[in-house]
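K.L.:
Before anything else, here's the structure in question.
In full-length UniProt numbering, the protein residues as written are 1 to 492.
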């Protein structure tokens with residue numbers, strides 16, 4: 001049975017997000033896969049089971065998979081629905097990914113390892129192709145394909161969203177375009193609402209799902225979400241794709257939390273623009289989110305790449321910058337999410353280029369500096385959680401620095417030092433004794449290198465980056481019994 005995992009349960013974990021069609025094939029084959037063709041490449045649920053060792057080796061104890069329901073077929077001009085976001089029948093599974101037993105096997109294989117399953121779900125819309133496309137609205141659709149609804153009265157009247165400043169327009173008009181219209185489900189209709197609430201309750205229980213990532217949350221009225229979440233009975237994290245903290249905040253009251261897009265945009269901009277990127281803008285956004293979000297930022301999904309945004313390495317090749325960027329989700333308040341392929345140095349730009357086949361990497365773990373980096377970060381976070389019982393409930397804070405190219409983040413026992421100058425820079429950080437982080441003459445260990453530094457007699461710290469690399473420091477006593485992470489004091 002599912003763990004009925006709460007937000008508190010999830011906060012201890014870190015999540016590996018994958019695109020089911022692009023992760024692994026159950027038969028072990030590794031076919032070519034051209035992202036710009038936008039076709040199914042063959043990844044499936046059995047394939048994920050076969051590569052759980054790879055995910056677990058990096059220290060992840062949860063995965064987030066693509067939507068699982070049956071999608072529209074036969075959309076040649078737009079590519080296949082390999083990503084799972086063009087649902088047609090939410091009462092059936094996507095046969096490209098497997099059958100019900102395959103999904104149950106994935107769930108139980110995860111649970112046997114003490115790992116969680118997060119499933120992506122879409123409530124806002126279904127997809128149908130106009131029966132005789134005229135390009136003139138209203139078009140006609142074969143509503144009998146759209147299950148379990150089956151009639152036009154379950155959808156909002158046809159109109160495309162035209163005004164993002166008008167929330168009713170955003171919620172009740174349609175996403176998509178004339179080629180792939182996303183028929184907007186009438187979530188004001190009580191019959192439809194009951195169907196959706198029952199559907200989510202059943203799908204969570206049928207497949208032992210531990211958490212939900214909810215798509216296009218801002219396109220559904222806010223007061224739909226609390227009862228949706230309570231019917232789900234597990235942790236819910238919503239996608240509100242916008243950079244404005246005040247707009248996003250109300251959605252943290254209906255669902256457990258949100259993917260932290262406002263912080264993402266600040267982080268991406270800080271690292272995608274070299275030293276002209278403003279690191280202190282990250283502190284400003286996070287501080288506002290900590291104040292405005294329900295539960296602060298403790299339950300947010302903290303990410304720096306995903307299927308809807310370009311990978312940093314599509315524009316930035318400097319590996320020191322990349323390592324600073326990848327560090328962010330693991331050292332702040334939120335639940336870390338890594339998008340598959342980051343650990344392999346994938347470089348895809350905007351959709352569809354950022355949905356590469358992971359099997360083309362051979363699932364290699366040797367000589368993969370970013371994979372090693374991620375493994376160290378997961379290990380450090382686990383160690384911080386076990387060393388400081390209040391780590392997960394202590395807000396990250398920022399120690400002001402003289403340069404906007406550096407950032408110092410304190411989340412006891414962890415102190416993270418980031419910079420965006422790259423491998424030829426010599427960024428410096430100053431932690432004054434007034435910050436009160438550590439006592440005098442304290443030995444701190446950088447979990448990324450296992451090098452040690454010692455605070456001054458007054459507890460202050462002045463450090464210079466090595467080749468622009470990040471530092472994640474913890475006191476040496478936090479490492480007692482930590483096994484794989486920096487065995488301290490064994491040398492003498």
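Even for Gly, the Cβ is constructed at its ideal location relative to N, Cα and C.
#1: Ignore the nearest five residues each way along the sequence and tell me which others in residue 81's own chain have a CB closer than 6 Å to its CB.
#2: So if DSSP puts residue 17 in a beta bridge, which residue, or which two residues, is it bridged to?
#3: Only counting runs of 3 or more residues, tell me where the beta strand (DSSP E) segments fall wholly within the region 188 to 273, in order along the chain.
#4: Beta-carbon within less than 8 Å of residue 176's beta-carbon, same chain only, minus the 5 sequence neighbours each way: which residues are those?
#5: Could you name the residues of the same chain whose beta carbon sits closer than 7 Å to that of residue 248, not counting the 5 residues immediately before and after it, in chain order?
#6: Express the C-alpha separation of residue 399 and residue 433 in angstroms, rounding to a whole number.
#7: Pop quiz: residue 401 and residue 426 are said to be a contact at Cβ under 8 Å. What is the actual Cβ separation, rounded to whole angstroms?
#8: In this structure, what does DSSP give as the bridge partners for residue 471?
#9: Do residue 232 and residue 192 have their beta-carbon atoms positioned less than 8 Å apart in this structure?
#10: Does the Cβ of residue 420 have 16 or more other Cβ atoms within 10 Å, making it buried, or fewer, making it exposed?
#11: Output the distance between the C-alpha atoms of residue 324 and residue 4, rounded to the nearest integer angstrom.
#12: For the candidate residues 397, 453 and 100, whose alpha-carbon lies nearest to that of residue 494?
#13: Among the candidates 343, 464 and 173, whose CA atom is the shortest distance from the CA of residue 374?
#14: Assign residue 213 to buried or exposed, taking buried as 16 or more other Cβ atoms, counted over all protein chains shown, within 10 Å of its Cβ.
#15: Under 8 Å Cβ to Cβ from residue 516, same chain only, skipping five residues before and after it: list those, please.
#16: Classify residue 92 as helix, strand or coil using the three-state DSSP reduction.
#17: How long is the line joining the alpha carbons of residue 24 and residue 104, rounded to whole angstroms?
#18: Closest by CA to residue 13, which one among 45, 27, 62 and 55?
#19: Give the list of continuous alpha helix (DSSP H) stretches no shorter than 4 residues that lie fully inside the region 302 to 374.
#20: Kindly list the residues whose CB is nearer than 7 Å to the CB of residue 266, restricted to its own chain and excluding five residues on each side of it in sequence; keep chain order.
#21: Out of 350, 185 and 115, point me to the one whose CA is closest to residue 36's CA.
#22: So, helix, strand or coil for residue 283, using DSSP?
#23: With DSSP as the reference, label residue 299 as helix, strand or coil.
P.N.:
On the basis of the data shown:
#1: Here residue 81 refers to the residue found at position 81 of the chain shown. Here the set comprises 71 and 72.
#2: For the purposes of this step, residue 17 is taken as the residue at position 17 of the chain shown. According to DSSP, residue 17 bridges with 64 and 339.
#3: 211 to 214 and 235 to 238
#4: Residue mapping note: residue 176 aligns to position 176 of the chain shown, counting from 1. Only 125, 127, 160 and 182 meet the Cβ criterion.
#5: Indexing the chain shown from 1 puts residue 248 at position 248. The residues are 240, 242, 258, 261 and 262.
#6: Walking along the chain shown from the start, residue 433 turns up at place 433. Walking along the chain shown from the start, residue 399 turns up at place 399. Distance between the alpha carbons of residue 433 and residue 399 is about 11 Å.
#7: Translated into positions along the chain shown, residue 401 becomes position 401. Translated into positions along the chain shown, residue 426 becomes position 426. Not really, about 14 Å apart at Cβ, beyond 8 Å.
#8: In the chain shown, residue 471 corresponds to position 471, counting from 1. DSSP output for residue 471 lists 417 as bridge partner(s).
#9: Working through the chain shown from its first residue, we reach residue 192 at position 192. Working through the chain shown from its first residue, we reach residue 232 at position 232. No, the pair does not count as a contact, with Cβ atoms beyond the cut-off.
#10: Within the chain shown, numbered from 1, the residue matching residue 420 stands at position 420. With 16 or more other Cβ atoms within 10 Å, it is buried.
#11: Locating residue 324 in the chain shown gives position 324, counting from the first residue. Locating residue 4 in the chain shown gives position 4, counting from the first residue. Between residue 324 and residue 4, the C-alpha separation is close to 34 Å.
#12: A query on residue 494 cannot be resolved here, the shown segment of the chain reaching from 1 to 492 and no further.
#13: As a first step, residue 374 must be located in the chain shown, where it is residue number 374. If we check each option's Cα against that of residue 374, 343 comes out closest.
#14: Numbered from 1 along the chain shown, position 213 holds the residue referred to as residue 213. Residue 213 should be labelled buried.
#15: Here the chain covers residues 1 to 492 and nothing more, so residue 516 does not appear.
#16: Residue 92 sits at position 92 when you count from the first residue of the chain shown. Correct three-state label for residue 92: strand.
#17: Translated into positions along the chain shown, residue 24 becomes position 24. Translated into positions along the chain shown, residue 104 becomes position 104. Cα to Cα, residue 24 sits roughly 17 Å from residue 104.
#18: As a position in the chain shown, residue 13 is number 13, starting the count at 1. Taking only the C-alpha atoms, the option nearest residue 13 is 62.
#19: 319 to 331
#20: By one-based count along the chain shown, residue 266 stands at place 266. Answer for residue 266: 281, 282 and 285, listed in chain order.
#21: The count along the chain shown starts at 1 and reaches residue 36 at position 36. Selected option, being the one with the closest Cα: 350.
#22: Numbered from its first residue, the chain shown carries residue 283 at position 283. Here residue 283 sits in helix by DSSP.
#23: By one-based count along the chain shown, residue 299 stands at place 299. The answer is coil: DSSP assigns residue 299 none of H, G, I, E or B.
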